[in-house]
Amino acid sequence: MTILIVDDEREFISFLNDRLLLKGHAVDIAYDGRRGLELIKTNRYDLVFLDQNMPELTGMELVKYMKNNNLKAKTVVVTGYQESNEYFMRLAGADEYLTKPVQIKDIDKLIEKYSSLMRKSDKT
Numbered sequence: 104m105t106i107l108i109v110d111d112e113r114e115f116i117s118f119l120n121d122r123l124l125l126k127g128h129a130v131d132i133a134y135d136g137r138r139g140l141e142l143i144k145t146n147r148y149d150l151v152f153l154d155q156n157m158p159e160l161t162g163m164e165l166v167k168y169m170k171n172n173n174l175k176a177k178t179v180v181v182t183g184y185q186e187s188n189e190y191f192m193r194l195a196g197a198d199e200y201l202t203k204p205v206q207i208k209d210i211d212k213l214i215e216k217y218s219s220l221m222r223k224s225d226k227t
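According to the working numbering, the sequence shown is numbered sequentially starting from 104.
1. Using beta-carbon positions only, say whether V151 and G196 come within less than 7 Å of one another.
2. At what residues does the beta strand (DSSP E) containing E105 begin and finish?
3. Is the region 153–168 close to the region 117–131, with three or more CB pairs under 8 Å?
4. Which same chain residues, not among the five before or five after G162, have their C-beta less than 6 Å away from its C-beta?
5. Report all residues from its chain with a CB closer than 8 Å to the CB of K223; omit the five preceding and five following residues, and keep chain order.
6. Whole-angstrom Cβ separation of R138 and T105, contact assumed at under 8 Å?
7. So, is I207 buried or exposed, given that buried needs 16 or more other C-beta atoms within 10 angstroms?
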């Protein structure tokens with residue numbers, strides 16, 4: 104899969120990037136929402152991990168942009184807030200919602216889920 108990570112937390116990006124590369128995925132990285140938007144506009148992604156609270160543009164703003172422009176990438180919003188607003192992120196169009204610290208098993212489950220869905224859609 105081709106995956107974009109948009110997060111201002113470099114340690115989290117490094118953790119997630121290493122895991123995704125280990126699994127054989129192509130990964131792009133953006134450290135703020137504005138750069139994430141540029142990459143979303145110019146590339147095709149299968150899956151996008153977005154931090155909820157970032158400089159420039161929020162994860163919710165990026166999810167709304169993707170949905171309003173009929174981009175097919177699945178979106179996973181990641182947040183450090185324990186008191187999350189998952190309901191509002193889902194209203195905006197997010198497909199998944201994770202709370203930091205994210206567990207490796209949760210990442211692996213999401214990757215397997217969306218890889219499996221892509222394989223099925225490729226067969227049809």
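In this text, a Cβ means the ideal position worked out from N, Cα and C, and glycines have one as well.
Taking the structure as given:
1. no
2. It is worth fixing the name first, because residue 105 is Thr in this sequence and not Glu. T105 -> beta strand (DSSP E) spans 105–109.
3. no
4. L153, D154, Q155, V180
5. none
6. Contact flag wrong, Cβ pair sits at about 17 Å.
7. exposed
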